[in-house]
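Protein chains in written order, with our numbering: chain A, 1 to 290; chain B, 1001 to 1290; chain C, 2001 to 2290; chain D, 3001 to 3290. For every residue, glycine included, the Cβ atom is placed at its ideal position computed from N, Cα and C. Computed from a predicted model, the values in this text were never measured in an experiment. A quick write-up on the structure given underneath.
Number of protein chains: 4
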Amino acid sequence: MVFTPDLLRRKCRIRNKLGRNSLAEFFGTFLLIYIGLSIVAQYLLTHERVNVWININVGWGFNIVFSVLTVQNLSGGHLNPAISLLMYTFGELELLHLFAYCVAQMLGAFLGAAATYYTYLDAINAYEKGPLNRTVVGATATAAIFSTYPASHLSMSGAYVDQIAGTAMLALFACAIIDKRNKVPSCAHAVLFGFVVLLIGCTFGMNVGYPINPARDLAPRIFSYFIYGRQVFTHPYPSWFLVPVIGPCVGAVVGGWMYHAFSGIHIPDEGEDKYQAVDQDELKAKNAGV
Amino acid sequence: MVFTPDLLRRKCRIRNKLGRNSLAEFFGTFLLIYIGLSIVAQYLLTHERVNVWININVGWGFNIVFSVLTVQNLSGGHLNPAISLLMYTFGELELLHLFAYCVAQMLGAFLGAAATYYTYLDAINAYEKGPLNRTVVGATATAAIFSTYPASHLSMSGAYVDQIAGTAMLALFACAIIDKRNKVPSCAHAVLFGFVVLLIGCTFGMNVGYPINPARDLAPRIFSYFIYGRQVFTHPYPSWFLVPVIGPCVGAVVGGWMYHAFSGIHIPDEGEDKYQAVDQDELKAKNAGV
Amino acid sequence: MVFTPDLLRRKCRIRNKLGRNSLAEFFGTFLLIYIGLSIVAQYLLTHERVNVWININVGWGFNIVFSVLTVQNLSGGHLNPAISLLMYTFGELELLHLFAYCVAQMLGAFLGAAATYYTYLDAINAYEKGPLNRTVVGATATAAIFSTYPASHLSMSGAYVDQIAGTAMLALFACAIIDKRNKVPSCAHAVLFGFVVLLIGCTFGMNVGYPINPARDLAPRIFSYFIYGRQVFTHPYPSWFLVPVIGPCVGAVVGGWMYHAFSGIHIPDEGEDKYQAVDQDELKAKNAGV
Amino acid sequence: MVFTPDLLRRKCRIRNKLGRNSLAEFFGTFLLIYIGLSIVAQYLLTHERVNVWININVGWGFNIVFSVLTVQNLSGGHLNPAISLLMYTFGELELLHLFAYCVAQMLGAFLGAAATYYTYLDAINAYEKGPLNRTVVGATATAAIFSTYPASHLSMSGAYVDQIAGTAMLALFACAIIDKRNKVPSCAHAVLFGFVVLLIGCTFGMNVGYPINPARDLAPRIFSYFIYGRQVFTHPYPSWFLVPVIGPCVGAVVGGWMYHAFSGIHIPDEGEDKYQAVDQDELKAKNAGV
């Protein structure tokens, strides 16, 4: 008898839907954050040499592609409490599932942050030169590997606008991609989600660094609290850490419903009149007589 | 009763074709310009550090992909008066629709420019250091976020050639993509349109910055008039602003018809003789005797 | 009566296969060279700022994608005499067609070079600062926009190896893509050809600049002779210009046949035994008994 | 009679499965290493100017795409002993085949290293300026073209973590891609494998340079022994060369089984309950009554 994945399936498969979906969100978010923070670590720890800005964008893009692909046939691959919230407002996720998804995403993200920390421990130590001194601010600060801090020019309201806009874009385009009336093959969904995030990095990246995901920002911040101390919650303002939590939740709901209000609900069904304003058959009939 | 997008559809769907198509062009162009100008803002306001030239190209590419995808099953996703004009010359858009599309595109682009301005307001202020001073020319000029100004080496005729060539390329390849005889699956159209624009940015970007779309250039310029004053229409020449309006219209018509004249109309229909010059069956028969 | 592309088709369609295929190769190669040289112009004339090396690679990649897509359903979209030669050795192109294709490709490439020259005339003049002085060598030399010159470290034999290797890779992977036994959908062919060329630019670009196409190098060199004088044929050695002509022809034939010898001819047909070394049904039967 | 690939097939086709699969692994790995090391050579020998880090990532990505595509319908296109080992643990490769694959991969990689060396010989000589002096360490060292050496900050345990993590990611996502329950079309497999490797380069590239493949590292190291001497096996520690051999084998098995344990085995079969937590039909029935 050979021990194969099929055998494992027969022995260990989780048949409870809530259980396996929560496991999937946990695992997918763990991958997303482990990989995503490692991309940022490579950018920061090499002084923006190995990994420049375009690597961040392309890397996070494909990070989304493969982390979502890995679990999308279980939980749908939200990996983001703001997206789960949007699905709840669409009536596609029960309240109990929403809570379970969020908890699973936070746990996965926390573990992902820890995994990045231990993978890049040597490099973080080397980056600090001299005696080890984990700092949130300063020339050898590395806390920005884990969670986002605003650019110095940014006001609080500007930060909210940035996070709402970025996550709205994510939700809007995600809804366009999965809307059956747009006929995007389902095997292309994860790839296109990734490219949306790549695009957001080129569009709304300079103010805050596009967290656009409460679990991506808050859970690693909690992890970094154990390494860097209280300042991760107080720099540069005491309530800063709420921006990448509240902003994305608002943005996702706004963006998702905007898609439907301005485009999705107006798309004709198959068999209804096409978009062309000129009747093509009539046109051909005319020309045929030439 | 749960309030879902399907319910919204039953209540609020626009059944008038001209109305919903105009809404789609308005919304799609709003997205295109909001995102597109934000990409440029991030390039300019970080002194070409976060967003280098390749980010502009890749960002605008995926901007096209998703803005078109969002509305293409309604209005066709032109988002560009020059493309609408080409479709009119092909007999695929009625004159009334052409006007409605152009108006909707201009309105969407104007609003998109405003949205970029308010999203990047903090960063624009910081970029100007010292007392606020919105300028079109000079070390802290930011008007180029909104509309294009020619490189200093460029003559007026060179600028027209550049804009005609760039938009001709866009129209030519767009026609190749949508030509049914080329059998590109329709779900890939938006993605390929985006890659065409990515390519144009690598090809005809250094002279003017590839506006290749009258709405993308003129509407934000009108918006920037309210912020930067009259100079947006007079720098560097009084008639400069007409180049990215007239050039693209000429270019789109030239390029679209060139595709058909040199390639599209000569492609054999299914069942007609294939392209291979050697008869493959005959060849196989010969070899079978070896 | 409306004048549409369909009407043009009925009036002007070329029904002679050799005629329309030659037109297609002419037109496709014109596009390829106009766009391709413009990409290089933007790299060189901005001192490698707008367009860095990755833009060259990505730009040429999508240049291939769309130039091939535009004409591939007519002539097959070779756009390269070396590829046409390979197809001839495969028995898929008659000798008369091979000659016609090569002539058409050379004419298209010549015209493409001229189009780039006039599009970038202002920028070339500005690049030379001071009195106009077209040169092949020196600080303001621009002849490298049109055809390739070897890096100073390169020996003649090293140059031949480089060109043979680069074009062999192109032909080898192109054959893998179009081999029906690899089941790549035909709508993806042009895109994958482009990515092969992108890859070659990252692999064999630093020695000569990956011309890997006799028409791409020789025809623009002939055009540049009229602008820059005899030196385009004598720098740095009198016979240099033959390397990107002979090397690609040898490389394409070597690479194309290598694919078939080492992989293609051994692939089992549909219905024959699969690649897995373990009998899967037997395995399942075993496990089912657990 | 024309000599065509079909004729070659009838004459020379290898009908022994082990034979042709080993040939395929040999040929595919030869291509992978020849191209892959050439990408690194272009990066190193131009002092990171022609080829920056993103070119390494994109280049290696498409290198995987096309090298795998070329042979995947024969041997499955592992091109990596660690992946073959994983397939063995899945019961999809017999022990005899595992050995044959590994030997073929090592031979192909050795030959690929030699091919890179001779292709870039002129450039390597030029890079060393002055009298030729092949070195593993120092300002003109070029041994890193062939195999990887750790960044100076890295501890031995950190290096193992890095290689296990990187290869686990490769195996995990590869399993997600080929899992039939994820319904990724088989024609997209090779492309997605390439993007996974692109992602790994953005994620785990700064410590060791992501070899994640014993054949990719060890075989070129053996080749470089003949050029650079013993130091290739002793720098910076005597047992360093084992890290990119043992690490990937452990990582591939860990990652592949993690995919199945945390996601794959729990995915419902077609026809079983869908992932949505809310019953969609019930929801529609409710809304229909509005």
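Taking 8 Å as the threshold (beta carbon to beta carbon), is residue i in contact with chain D?
{"i": "Tyr-327(A)", "result": "What the structure shows of chain A is the stretch from 1 to 290, and residue 327(A) is not part of that stretch, so it cannot be assessed."}
{"i": "Pro-2244(C)", "result": "no"}
{"i": "Val-2(A)", "result": "yes"}
{"i": "Arg-9(A)", "result": "yes"}
{"i": "Val-161(A)", "result": "no"}
{"i": "Leu-2102(C)", "result": "Just to set this straight, residue 2102(C) is Cys in the shown sequence, not Leu. No, because no Cβ of chain D sits closer than 8 Å to the Cβ of Cys-2102(C)."}
Would you say residue i faces chain C, with C-beta separation under 8 Å as the test?
{"i": "Val-3027(D)", "result": "Per the sequence presented here, residue 3027(D) reads as Phe, with Val not at that position. Closer than 8 Å to some Cβ of chain C, the Cβ of Phe-3027(D) qualifies, so yes."}
{"i": "Ile-1014(B)", "result": "no"}
{"i": "Tyr-1259(B)", "result": "yes"}
{"i": "Asn-1207(B)", "result": "yes"}
{"i": "Gly-1158(B)", "result": "yes"}
{"i": "Ile-1054(B)", "result": "yes"}
{"i": "Pro-1185(B)", "result": "yes"}
{"i": "Val-1196(B)", "result": "yes"}
{"i": "Phe-1090(B)", "result": "yes"}
{"i": "Phe-3099(D)", "result": "no"}
From the beta carbon of residue i, is the nearest beta carbon of chain A less than 8 Å away?
{"i": "Phe-1066(B)", "result": "yes"}
{"i": "Val-1278(B)", "result": "Summary for Val-1278(B): the model assigns pLDDT 48, below 50, so the residue's position carries little reliability; its value from the coordinates is reported in the next sentence. With 8 Å as the cut-off, Val-1278(B) does not count as an interface residue toward chain A."}
{"i": "Leu-1079(B)", "result": "no"}
{"i": "Arg-3181(D)", "result": "yes"}
{"i": "Ile-3265(D)", "result": "yes"}
{"i": "Ala-1171(B)", "result": "no"}
{"i": "Pro-3248(D)", "result": "no"}
{"i": "Val-1071(B)", "result": "yes"}
Any beta-carbon of chain B closer than 8 Å to the one on residue i?
{"i": "Val-290(A)", "result": "Legend: pLDDT at Val-290(A) = 42, less than 50; position of this residue unreliable, no value from coordinates given."}
{"i": "Arg-2298(C)", "result": "Here chain C has residues from 2001 to 2290 only, and residue 2298(C) is not among them."}
{"i": "Ile-39(A)", "result": "no"}
{"i": "Tyr-2275(C)", "result": "With a pLDDT of only 47 at Tyr-2275(C), under the threshold of 50, the placement of this residue in the model should not be trusted; the figure read from the coordinates follows. Not one chain B Cβ lies under 8 Å of Tyr-2275(C)."}
{"i": "Val-254(A)", "result": "no"}
{"i": "Asn-57(A)", "result": "yes"}
{"i": "Thr-2046(C)", "result": "yes"}
{"i": "Gln-2231(C)", "result": "no"}
{"i": "Phe-2110(C)", "result": "no"}
State the CB to CB distance for the pair residue i and residue j, rounded to an integer number of angstroms; the pair is presumed to be in contact (CB under 8 Å).
{"i": "Tyr-2039(C)", "j": "Leu-3074(D)", "result": "Checking the displayed sequence, the identity of residue 2039(C) turns out to be Ile instead of Tyr. Their Cβ separation, rounded to whole angstroms, is 37 Å, which puts Ile-2039(C) and Leu-3074(D) out of contact at 8 Å."}
{"i": "Tyr-1101(B)", "j": "Ser-1022(B)", "result": "7 Å"}
{"i": "Gly-251(A)", "j": "Ala-168(A)", "result": "4 Å"}
{"i": "Phe-1173(B)", "j": "Thr-2004(C)", "result": "With 8 Å as the limit, Phe-1173(B) and Thr-2004(C) do not qualify as a contact, their Cβ atoms being about 20 Å apart."}
{"i": "Thr-3089(D)", "j": "Val-3253(D)", "result": "6 Å"}
{"i": "Cys-3187(D)", "j": "Gly-3264(D)", "result": "Cys-3187(D) to Gly-3264(D), Cβ: 21 Å. No contact."}
{"i": "Leu-3093(D)", "j": "Met-3087(D)", "result": "4 Å"}
{"i": "Pro-220(A)", "j": "Leu-37(A)", "result": "6 Å"}
One question on the structure: do residue i and residue j come within less than 8 Å of each other, judged by their Cβ atoms?
{"i": "Ala-2041(C)", "j": "Ile-2164(C)", "result": "no"}
{"i": "Pro-3248(D)", "j": "Asn-3213(D)", "result": "yes"}
{"i": "Asn-57(A)", "j": "Gly-255(A)", "result": "no"}
{"i": "Asp-2217(C)", "j": "Pro-2244(C)", "result": "yes"}
{"i": "Phe-2233(C)", "j": "Gly-2112(C)", "result": "no"}
{"i": "Gly-1077(B)", "j": "Leu-199(A)", "result": "no"}
{"i": "Thr-2142(C)", "j": "Tyr-2127(C)", "result": "yes"}
{"i": "Asn-2207(C)", "j": "Ala-2123(C)", "result": "no"}
Margin query: With a threshold of 8 Å, are at least 3 pairs of Cβ atoms found where one atom belongs to the stretch 175-184 of chain A and the other to the stretch 33-48 of chain A?
Written below: no
Check: Should the stretch 3065-3078 of chain D be called in touch with the stretch 3186-3197 of chain D, which here means at least 3 C-beta pairs below 8 Å?
Finding: yes
Next item on the list: Kindly confirm or deny that the stretch 1097-1111 of chain B and the stretch 1021-1036 of chain B touch, where touching means at least three C-beta pairs closer than 8 Å.
Entry: yes
Check: If you measure beta-carbon to beta-carbon, which residues of the stretch 2218-2229 of chain C are closer than 9 Å to chain B?
Finding: none
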